[in-house]
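What follows is one structure encoded as structure tokens, with my remarks underneath.
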Amino acid sequence: MRFRLWRRPEGRAGEWYYCIKHGKVEEGPDCPARDRLGPYATRAEAANALETAKTRNQAWENDPHWNDPGRR
Numbered sequence: 038m039r040f041r042l043w044r045r046p047e048g049r050a051g052e053w054y055y056c057i058k059h060g061k062v063e064e065g066p067d068c069p070a071r072d073r074l075g076p077y078a079t080r081a082e083a084a085n086a087l088e089t090a091k092t093r094n095q096a097w098e099n100d101p102h103w104n105d106p107g108r109r
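In structure tokens, the structure reads:
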């Protein structure tokens with residue numbers, strides 16, 4: 038039988054997160070960091086986390102300097 042050490046997720050109450058594992062907004066760090074996006078200042082910002090990530094990813098993909106072999 039394998040035992041896993043359990044660590045309390047780090048963060049502060051009053052911060053909002055979006056848990057990608059459960060698909061819900063949570064106040065405080067209820068889930069491990071690998072399963073959440075945030076922290077966000079408000080519940081509304083956390084609820085919009087997936088759209089925010091999508092928008093940022095699109096901006097990075099369209100950045101002309103991203104993966105540009107001529108820039109170092």
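Take 38 as the starting number for the sequence shown in the working numbering and just add one per residue.
Glycine residues also receive a C-beta, built at the ideal position from the N, C-alpha and C atoms.
request  = Tell me the start and end of each unbroken beta strand (DSSP E) in the stretch 60-95 that is at least 3 residues and wholly inside, in chain order.
outcome  = Listed in chain order, the beta strand (DSSP E) elements of length 3 or more contained wholly in the stretch 60-95 are 61-64 and 73-77.
ask   = E88: buried (16+ other C-beta within 10 angstroms of its C-beta) or exposed?
value = Burial check for E88: the Cβ neighbour count within 10 Å stays below 16, so the residue is exposed.
request  = With W103 as the anchor, note down where its beta strand (DSSP E) starts and where it stops.
outcome  = Careful: W103 lies outside any beta strand (DSSP E) and carries neither H nor E.
Whether Y55 touches A84 by CB criterion (8 Å) = Contact check for Y55 against A84 passes: the beta carbons are separated by less than 8 Å.
task = Below 6 Å CB to CB, which residues in the same chain sit around A86 once its five sequence neighbours on both sides are set aside?
result = Around A86: Y55 and L74.
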